[in-house]
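**Student:** So the sequences go chain by chain: A and B.
Following my numbering, the numbering of the first sequence begins with 31 at its first residue and continues without gaps.
Following my numbering, the numbering of the second sequence begins with 252 at its first residue and continues without gaps.
Take a look at the following structure, please.
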Amino acid sequence: RKEVEQDPGPFNVPEGATVAFNCTYSNSASQSFFWYRQDCRKEPKLLMSVYSSGNEDGRFTAQLNRASQYISLLIRDSKLSDSATYLCVVNMPSGGYQKVTFGTGTKLQVIP
Amino acid sequence: SAVISQKPSRDICQRGTSLTIQCQVDSQVTMMFWYRQQPGQSLTLIATANQGSEATYESGFVIDKFPISRPNLTFSTLTVSNMSPEDSSIYLCSVRVGGRNPEAFFGQGTRLTVV
Chain A
31 RKEVEQDPGP FNVPEGATVA FNCTYSNSAS QSFFWYRQDC RKEPKLLMSV YSSGNEDGRF
91 TAQLNRASQY ISLLIRDSKL SDSATYLCVV NMPSGGYQKV TFGTGTKLQV IP
Chain B
252 SAVISQKPSR DICQRGTSLT IQCQVDSQVT MMFWYRQQPG QSLTLIATAN QGSEATYESG
312 FVIDKFPISR PNLTFSTLTV SNMSPEDSSI YLCSVRVGGR NPEAFFGQGT RLTVV
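Here it is, written out as structure tokens:
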């Protein structure tokens, strides 16, 4: 089982739609969670951190379910500019430090 | 936060040659990380570079192929040695900022094509 798993997609959605991505992780001792966005031919950039209480930033909502070991990202009112690959990132304890583990990414294409 | 300047942004190299990638960070950091991202894949950690000691390599990566330098707390280089077409990839350096829940910041990436 991969340490961090995501559906690679692609998710093709019309403008204005709501889309949700899930990501599961294997290590129950994982402590922090993030969603990164990677545009084509660019480096990953932090979209938002994921807290136990959930967090919202505009059209984006991230949630954490520790019991089931998954995190989610919800995008409302999709824009063309949301088209990108969304990487799930989990910090897992490993040998006394935090190992940053990336999912394979979920590709989103918002269609006019 | 951290700002990382990585260069070159891209290169096309002949097989058998070597390329050195540089990363400069705008603040002092203990560890710098080097990743490879092959087309359509996620990021794979190559090694962790510590100042004043040898880099720590992940399984499948060796120092002879990917020598790393870390002369000070703001700079690191990764060399891709004796290149073959299989080394064609994007190479990214990264640092982590934040104590308990560190956030990763990345350089702009180096797109390498070996012909």
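Note that beta-carbon positions come from the ideal geometry of N, C-alpha and C, so glycine has one too.
Would you call the CB atoms of B:Q289 and B:C274 closer than 9 Å?
**Tutor:** Cβ atoms of B:Q289 and B:C274: not closer than 9 Å.
**Student:** Where does B:S345 land, buried or exposed, given buried means 16+ other C-beta within 10 angstroms?
**Tutor:** That one is buried.
**Student:** A:G39 CB to nearest chain B CB: under 9 Å?
**Tutor:** No, its Cβ sits nowhere closer than 9 Å to a Cβ of chain B.
**Student:** Taking Cβ to Cβ, would you say A:V119 is nearer than 9 Å to A:F41?
**Tutor:** Cβ distance not < 9 Å, so A:V119 and A:F41 don't count as in contact.
**Student:** Within 10 angstroms of its Cβ, does B:V348 collect 16 or more other Cβ (buried), or is it exposed?
**Tutor:** Result: exposed.
**Student:** Hey, A:N52 and A:S113: beta-carbon distance below 9 Å or not?
**Tutor:** Not closer than 9 Å, so no.
**Student:** Does the beta carbon of A:V120 come closer than 9 Å to any beta carbon on chain B?
**Tutor:** So no, A:V120 is outside the interface.
**Student:** Anything in the segment 275–300 of chain B with a Cβ closer than 7 Å to a Cβ of chain A? List those residues in chain order, please.
**Tutor:** Answer in chain order: Q292, S293, L294.
**Student:** Taking 8 Å as the cut-off, does the segment 329–336 of chain B touch the segment 262–270 of chain B (at least 3 CB pairs, one atom from each stretch)?
**Tutor:** They touch, by the three-pair rule.
**Student:** Got a sec: which bits of the segment 322–346 of chain B sit with their beta carbon under 9 Å from any beta carbon on chain A, in order along the chain?
**Tutor:** Answer set for the segment 322–346 of chain B: I341, L343, S345.
**Student:** Straight-line CA distance for B:L372 to B:T361?
**Tutor:** The question about residue 372 of chain B has no answer, for chain B in this structure spans 252 to 366.
**Student:** With DSSP as the reference, label A:S124 as helix, strand or coil.
**Tutor:** The answer is strand: DSSP assigns A:S124 an E or B state.
**Student:** Given a threshold of 16 other Cβ atoms within 10 Å of its Cβ, counted over all protein chains shown, does A:T136 qualify as buried or as exposed?
**Tutor:** By the neighbour-count rule (16 or more Cβ atoms within 10 Å), A:T136 is buried.
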